[in-house]
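Structure, as structure tokens:
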Amino acid sequence: MPFLTEPEPPRGAALPVAPGVRRVVAPNPGVMTYHGTNTYLVGTPEGLVVLDPGPDDAAHVRAVLDAAGAPVARILLSHTHRDHLGAVAALRAATGAPVAAFATSAAAGFTPDVPLHDGDRIAGLTALHTPGHASDHLCFAGPDGILFSADHVMSWSSTVVSPPDGDMAAYFASLRRLLERDDLLFLPGHGPPLPEPRALVAELLHHRQAREAAIAAALGPSPVAPAAIVAGIYSQVHPTLLRAAERNVIAHLQKLAQEGRAVHEGEGWRAA
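Numbering of the sequence shown is given in numbering that gives the first Met the number 0, commencing with residue 0 and proceeding in unit increments.
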């Protein structure tokens with residue numbers, strides 16, 4: 000797939016990525032986060048918005064506050080995975096800004112100040128409920144062709160769909176939803192900006208469909224463990240990513256079961 004790369008960005012700096020939008024990359028690099036979580040500073044009709052505060056890291060929160068240059072009017076959250084949610088409490092305490100996120104939170108103990116539903120407008124952006132990677136995942140679309148795609152579509156890698164909160168059927172549907180749009184630029188939760196994004200979205204959907212076909216073909220009359228399926232179809236995956244690959248396989252198997260094409264039996268899965 001035509002994934003993008005970029006040099007490691009300077010830490011603690013606000014980097015312009017689009018008109019009125021700057022990015023502060025959190026210092027949480029890793030195999031699942033690339034160089035780190037992207038925290039966006041967005042100029043909107045309602046004032047400065049911080050989108051995805053990032054991990055619970057005091058230095059990152061300070062960098063965001065120093066870069067703001069104006070009072071923070073709102074905090075937007077794409078989803079409640081800890082590398083996006085972790086800094087919310089500290090940033091809200093420092094700014095007094097209300098936090099807007101999907102109305103039904105997937106994180107115990109977190110309730111947004113401003114609950115959002117699909118299609119709601121906030122600070123000049125439209126919330127799009129795009130479950131799959133997370134049940135409470137939102138993308139935010141601007142009027143200028145920019146879509147903050149968070150972890151639903153990233154420029155540097157495909158997305159992990161990990162049950163029980165991750166749902167592969169929902170992920171397929173959410174990808175198809177973005178294919179129906181004509182956004183010009185995606186600003187993802189990790190990695191560089193993604194211009195002309197529809198080509199990659201189509202590739203991601205095709206890739207998932209091919210994986211699903213391979214998983215379905217690996218099923219027979221006797222149950223087979225997800226780890227065995229991973230070993231058969233993910234031969235090129237780095238060992239550190241095998242756990243993520245297994246979570247994706249389980250999500251595909253659950254989707255196949257919903258469609259009456261697979262059966263969970265004991266510790267394994269078989270063809271229906």
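We put the CB at the ideal spot given by N, CA and C, even for glycine.
- Comparing C-alpha distances from residue 173 to each of 154, 156, 150 shows the shortest one belongs to 150.
- Beta-bridge annotation (DSSP): residue 139 is paired with 126, 147.
- In this structure, residue 260 lies away from residue 230, with their beta-carbon atoms at least 8 Å apart.
- Where residue 37 is concerned, there is no enclosing alpha helix (DSSP H), although the beta strand (DSSP E) around it starts and stops at 37-43.
- Counting C-beta atoms within 10 angstroms of its own C-beta, residue 48 has 16 or more neighbours from the protein chains shown and is therefore classed as buried.
- The beta-carbon separation of residue 45 and residue 122, rounded to 4 Å, stays under the 8 Å limit for a contact.
- Fully enclosed alpha helix (DSSP H) runs of no fewer than 4 residues occupy 57-67, 81-84, 87-94 of the stretch 46-122, in order along the chain.
- Only residues of its own chain outside the window of five on either side were considered, and among them 154, 155, 190, 191, 193 have a CB closer than 8 Å to the CB of residue 3, listed in chain order.
- Counting along the chain, the unbroken alpha helix (DSSP H) around residue 202 starts and ends at 197-217.
- Residue 263: member of the beta strand (DSSP E) spanning 261-264, first to last residue.
- At the C-beta level, residue 52 and residue 87 come within 8 Å of one another.
- DSSP, reduced to helix, strand and coil, places residue 183 outside both helices and strands of the structure shown, so it counts as coil.
- Cβ contact annotation for residue 271 (same chain, cutoff 6 Å, sequence separation greater than five): 259, 260, 261, 262, in chain order.
- Three or more beta-carbon pairs drawn from the stretch 122-136 and the stretch 166-184 are found closer than 8 Å, and the two stretches are therefore classed as touching.
- By the Cβ neighbour-count rule, residue 208 is exposed, with fewer than 16 other Cβ atoms within 10 Å of its own.
- Under a 10 Å Cβ-count criterion, residue 22 is classified as buried, with 16 or more other Cβ atoms of the shown protein chains found around its own Cβ.
- Its chain contains 74, 98 as the residues whose beta carbon lies nearer than 7 Å to that of residue 91, once the 5 sequence neighbours on both sides are disregarded; these appear in chain order.
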